[in-house]
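Just below is one structure, and these are the notes that go with it.
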Amino acid sequence: MGSIHEAAVGGNVEILKLLIDNGANVNLKDNKGLRPLHYAAWQGRSEPVFILLRRGANVNEQSTSGDTPLHLACQYGHNEIVQ
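Everything in the sequence shown is counted per UniProt numbering, starting at 1 for the first residue and increasing by one.
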């Protein structure tokens, strides 16, 4: 998991913005095929989700197991993100 993934999953908005502003790839996948948006959606971190989307994260990217960020948000009951 890269720094951008850790910032997204932890909800660390300031670090997330700093990483993106300095060239971090918002669609960077880890060894499970998960992108930062997957992690933020899985944990219900709405502000990081919105930041990643505004910065060009692809909502249709699938993990190696076929999950999209939307699947994870639905599975874990994060309705604000689903909407």
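We treat Cβ as the ideally placed atom computed from N, Cα and C, and that holds for glycine.
Using a Cβ-Cβ cut-off of 8 Å (strictly less than) and excluding sequence neighbours within five positions of residue i, which residues of its own chain qualify?
i: N58; result: N27, R35 and L37
Tell me which residues share the same chain as residue i and place their Cβ nearer than 7 Å to its Cβ, disregarding the 5 neighbours each side in the sequence.
i: L19; result: S3, I4 and A7
i: T64; result: K32 and G33
i: K29; result: R35
i: V13; result: E47, P48 and I51
Could you give the residue range of the alpha helix (DSSP H) that holds residue i?
i: H38; result: P36 to Q43
i: A73; result: P69 to Q75
i: E14; result: V13 to D21
i: G10; result: S3 to G10
Express the C-alpha separation of residue j and residue i in angstroms, rounding to a whole number.
i: N31; j: M1; result: 8 Å
i: D21; j: H78; result: 27 Å
i: Q43; j: Q75; result: 11 Å
i: K17; j: G66; result: 27 Å
Would you call the CB atoms of residue i and residue j closer than 8 Å?
i: I81; j: A41; result: yes
i: R54; j: G11; result: no
Here's a check: name, in chain order, each residue in its chain whose Cβ is nearer than 6 Å to the Cβ of residue i, leaving out the five neighbours to either side.
i: A73; result: A41, I81 and V82
i: Q62; result: T68
i: V9; result: Y39 and Q43
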